[in-house]
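Since the structure comes first, as structure tokens, the remarks are kept for the end.
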Amino acid sequence: MRLHRAAAFAALTFGLAACATQGRDPRSSEAGWAAHGYLTPGPTSDPEIIGAYASEAECMAAVEAWMSRQVVGNPVSGECLPVDRR
-8 MRLHRAAAFA ALTFGLAACA TQGRDPRSSE AGWAAHGYLT PGPTSDPEII
42 GAYASEAECM AAVEAWMSRQ VVGNPVSGEC LPVDRR
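Below, the structure is given as structure tokens:
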């Protein structure tokens, strides 16, 4: 019984993790904006790639959502950059 419960919990955890990343593939022709998150006060470290989005509004919403899920008290920032297709 415990093994079934542990397997169900693991499946739920991985399912929720998959739902948390809703960005498009940056190589997609629909992606026009890339969202990056920084776990520092400014963009001075390597960013966490949040995802790629068709519009700047979707991108900014993703950055805001990502920042709201970070640990309280840690300085975080984020930005949206246009995808370079050249």
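Here the sequence shown is numbered in my numbering, starting from -8 and rising by one per residue. Idealized CB from N, CA, C, for every residue including glycine.
With a 10 Å radius around the Cβ and a threshold of 16 neighbouring Cβ atoms, A25 comes out buried.
Setting aside the 5 residues that flank it on each side, P73 is surrounded in the same chain by G23, W24, each with a C-beta closer than 7 Å to its C-beta; the list follows chain order.
Assigned with DSSP and collapsed to three states, S59 falls in helix. Taking a C-beta distance under 8 Å as the contact criterion, G42 and A53 qualify as a contact pair. Counting along the chain, S36 sits inside no beta strand (DSSP E), nor does DSSP assign it H or E at all.
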